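By our numbering, the letter at position 6 of the sequence shown is numbered 703, and the numbering carries on one by one without gaps. We put the beta carbon where it would ideally sit given N, CA and C, even for glycine. Here the structure is a predicted model, which is why all the values come from computation and not from measurement. A quick write-up on the structure given underneath.
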Amino acid sequence: SPLIIALDKGHYSIFKALLESGKFDHDATDAGGRSALGYAVRRRNYEAVRLLIESGVDAGRQEAAGITPLNMAVAQGDEDIVRVLL
698 SPLIIALDKG
708 HYSIFKALLE
718 SGKFDHDATD
728 AGGRSALGYA
738 VRRRNYEAVR
748 LLIESGVDAG
758 RQEAAGITPL
768 NMAVAQGDED
778 IVRVLL
């Protein structure tokens, strides 16, 4: 997914433009089952997480090994992202 690639490479402005275009599935996953939301959480990109949640992404969707983005944020100790995900 172009959204995932932009997040993975740290290109937030490109990610934002792609998301706002509405042309890409924000719930798509990569070959490993990781979502754009998962990438945003792992990179601790609060703004990307917020935009994905506002766009209607499924915040409870499990990724590889049954881990959710909320599980990741809690494990990282990222209280700001945890609040957005709740």
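By the CB criterion at 7 Å, Val746 and Ile778 fall inside the cutoff. Of the candidates Val754, His723, Glu744 and Asp722, the residue whose Cα lies closest to the Cα of Gly707 is Glu744. Of the candidates Ile750, Lys713, Gly729 and Ala725, the residue whose Cα lies closest to the Cα of Ala761 is Gly729. Taking all protein chains shown into account, Leu748 has 16 or more neighbouring C-beta atoms within 10 Å of its C-beta and is therefore buried.
Bridge pairing for Ser752: absent [DSSP].
Per DSSP, the unbroken alpha helix (DSSP H) holding Leu782 starts and ends at Glu776 to Leu782.
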